[in-house]
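Numbering (the working numbering), first residue to last: 4 to 251.
Here's what the structure looks like:
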């Protein structure tokens, strides 16, 4: 916020942060904050592979360093291993390991295929929204959670939704699995969607095309860490969107 307006400020008491990462950890196996030791062999068929291949196609379209899935130089072109090897050369994934990439895939697919996990995450989010909550800021998969919860709150006092690096527009894997199907969240007056054009998670950065003209799509540059939450959260554009919500 200070990057947008040096006079702007918030107290810790003004902010509630929703954490749900522990809900993705199998009980009794991963007890630390470390990412599980996943490899391409842990990618399941169907939904997980579809998401990974979607990232590959998008990375190849945006980054000349990434070999396209239909390149003749490749052997098996539809495997998780081939996708991860190709993505290893992407600028946007320069500091992302194989295990982290597979972990991201599994978090998305777990949310949509395990109802108990989805319900538990939504409950935590819902519990964080109070009578005085005005602005919701949500990054990555969190924007999916925020959308679904906000659509269930007809009497919410939240007026502004700010999504960062959102996969809400990704067809089939995300968009066609939303509950509810794309609508405008009731009560929300402004929706600001902020993306880095190199962010492979936000395959469809123009949410206005899907959710209507009320969405303001904003393109920013996060440098080498296109999807990193801290890059999005320190952008002046994010701060301006929050200030607008708190000032109304």
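Beta carbons: idealized from backbone N, C-alpha and C, even for Gly.
Within 10 angstroms of the beta-carbon of residue 117 lie fewer than 16 other beta-carbons, which makes it exposed. In the DSSP annotation of this structure, residue 204 is not part of any alpha helix (DSSP H), being labelled neither H nor E. For residue 146 against residue 178, the beta-carbon gap comes to about 12 Å, at or over 8 Å, which does not count as contact. Here residue 187 has 214, 215 and 217 as same chain residues with Cβ atoms under 7 Å from its own Cβ, once five neighbours each way along the sequence are excluded.
The alpha-carbon of residue 114 is positioned some 25 Å away from that of residue 190.
Note that the segment 43 to 58 does not touch the segment 157 to 167; fewer than 3 beta-carbon pairs, one per stretch, sit closer than 8 Å. Non-local C-beta neighbours of residue 5 in its own chain, meaning closer than 8 Å and more than five positions away in sequence, comprise 11, 12 and 242, ordered along the chain.
Listed in chain order, the beta strand (DSSP E) runs fully inside the segment 133 to 195 are 138 to 142 and 163 to 167, counting runs of at least 3 residues.
When the alpha-carbon of residue 20 is set against those of 223, 130, 55 and 102, the nearest one is in 130. Looking only at 173, 88 and 125, the smallest Cα-Cα distance to residue 204 is reached by 173.
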